[in-house]
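Each remark here refers to the structure printed beneath this line.
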C-alpha cells in the first residue's frame, strides 16, 4: 500500500490517462505492454465519468477510478481534500485547495499538462478549462487523435521539458494520451472502422513509446506513476457505439500505480 504522505514532496508524480482505453482491451494486451505492465497487470476499476471532460474534473479533484467491487471500506484513496468531515486513511495525502493540482502546487510541485484529445486543445473556451488547472499546459495538432504518431510527439515534447527541468524541483506531470481514442483504425493496415482489434494495436503502439519517458523520469529520481483510462468505449455492444453513455464497456477501466526508481 502506498503511503502518499511519504511520496508527496519526495517523488515526482507522473499521471497518464490512456484516453478511451477499454479494460478488456488492456487485459488482452498485458503481455505485449512491457512498459505499462512489466511488473504487474491491470486492475479493474470504475471511472467517475463516462467521457473525458467529466472524468478529468473528477481526477483533478482527487477522485481517481475506484475498485470494481462492493467492498468500499478497504479502498484507500491516494488523495483527499481536507475538512470534509469524512474519515480518511493515514496513508492518504490531504490537500487544502480547490483541486489536487493546485494542492500539489502549494506543496512545491511544478505542474505540467501535455494534452491529447479535444478537451485539452485550448481552441475554444471550453477546451481551456482542463489545461487551466496546471501551471503549464501544452498542445499541438500532432498530439491529437488524427495523428498516428501522436504518442511519439507527446513524449518527445515532454522529454524536451524534462531536459530543461531543475533536478531539484518536484514535478507533477500529466499526459492525456490520445492514440486509443477514435479514430484508431489506422493502427491496423486495411481496417476501415475502429474496433477492439484496432484499439489493441493502438495500445501496443502507445506502450512502445513510453519506455523513453519512464527512463527519463528514473534519471530524475523517484517517481510515482499512475496510469489509467478515463473511460472505455462501445463498439456495437448491445447496440451502443462510442461513450458518454452508461454501459459496462465504458464504466470499466484499467488502472495501475507503480514506482519508477
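Numbering (my numbering), first residue to last: 432 to 692.
C-beta atoms are modelled at their ideal positions from N, C-alpha and C, and glycine is treated no differently.
The structure presented is a predicted model; accordingly, all values stated were derived computationally and were not measured.
In DSSP terms, what residue i is bridged to
{"i": "residue 443", "result": "654"}
{"i": "residue 522", "result": "Its beta-bridge partners do not exist; DSSP assigns none."}
{"i": "residue 679", "result": "Bridge partners of residue 679: none, in fact."}
{"i": "residue 604", "result": "445 and 543"}
{"i": "residue 475", "result": "685"}
{"i": "residue 510", "result": "524"}
{"i": "residue 673", "result": "665"}
Which listed residue (the options) has its alpha carbon closest to that of residue i
{"i": "residue 692", "options": "644, 672 and 669", "result": "644"}
{"i": "residue 379", "options": "535, 449, 512 and 484", "result": "A query on residue 379 cannot be resolved here, the shown segment of the chain reaching from 432 to 692 and no further."}
{"i": "residue 506", "options": "660, 494, 652 and 513", "result": "494"}
{"i": "residue 522", "options": "439, 602 and 677", "result": "439"}
{"i": "residue 547", "options": "448, 647 and 501", "result": "448"}
{"i": "residue 667", "options": "661, 678 and 660", "result": "678"}
{"i": "residue 542", "options": "435, 476, 684 and 603", "result": "603"}
{"i": "residue 685", "options": "479, 436, 441 and 444", "result": "479"}
{"i": "residue 669", "options": "658, 681 and 433", "result": "681"}
{"i": "residue 536", "options": "464, 582 and 443", "result": "443"}
{"i": "residue 683", "options": "661, 532, 672 and 673", "result": "661"}
{"i": "residue 482", "options": "471, 453 and 467", "result": "453"}
{"i": "residue 503", "options": "473, 519 and 513", "result": "519"}
{"i": "residue 613", "options": "570, 488 and 579", "result": "579"}
{"i": "residue 464", "options": "649, 646, 642 and 655", "result": "642"}
{"i": "residue 539", "options": "586, 616 and 566", "result": "566"}
{"i": "residue 458", "options": "513, 584 and 632", "result": "632"}
Classification of residue i by the beta-carbon crowding that lies within 10 angstroms, buried from 16 upward
{"i": "residue 450", "result": "buried"}
{"i": "residue 462", "result": "exposed"}
{"i": "residue 597", "result": "exposed"}
{"i": "residue 460", "result": "buried"}
{"i": "residue 496", "result": "buried"}
{"i": "residue 557", "result": "exposed"}
{"i": "residue 687", "result": "buried"}
{"i": "residue 421", "result": "Any property of residue 421 remains undetermined from this structure, which presents the chain solely from 432 to 692."}
{"i": "residue 609", "result": "buried"}
{"i": "residue 446", "result": "buried"}
{"i": "residue 501", "result": "exposed"}
{"i": "residue 437", "result": "exposed"}
{"i": "residue 664", "result": "buried"}
{"i": "residue 599", "result": "exposed"}
{"i": "residue 492", "result": "buried"}
{"i": "residue 648", "result": "buried"}
{"i": "residue 467", "result": "buried"}
{"i": "residue 470", "result": "exposed"}
{"i": "residue 655", "result": "buried"}
{"i": "residue 638", "result": "buried"}
The ligand ADP heavy atom lying under 8 Å from the CB of residue i
{"i": "residue 452", "result": "Among the components modelled here there is no ligand, and therefore nothing to report on the ligand ADP."}
Integer Cβ distance of residue i from residue j, believed to fall under 8 Å
{"i": "residue 593", "j": "residue 635", "result": "Wrong, their Cβ atoms sit about 24 Å apart, outside the cutoff."}
{"i": "residue 606", "j": "residue 653", "result": "Not confirmed; about 19 Å, so no contact."}
Contact between the stretch 619-638 and the stretch 557-574: three or more CB pairs below 8 Å?
-> no
Taking contact to mean at least 3 C-beta pairs separated by less than 8 Å, is the stretch 536-554 in contact with the stretch 567-580?
-> yes
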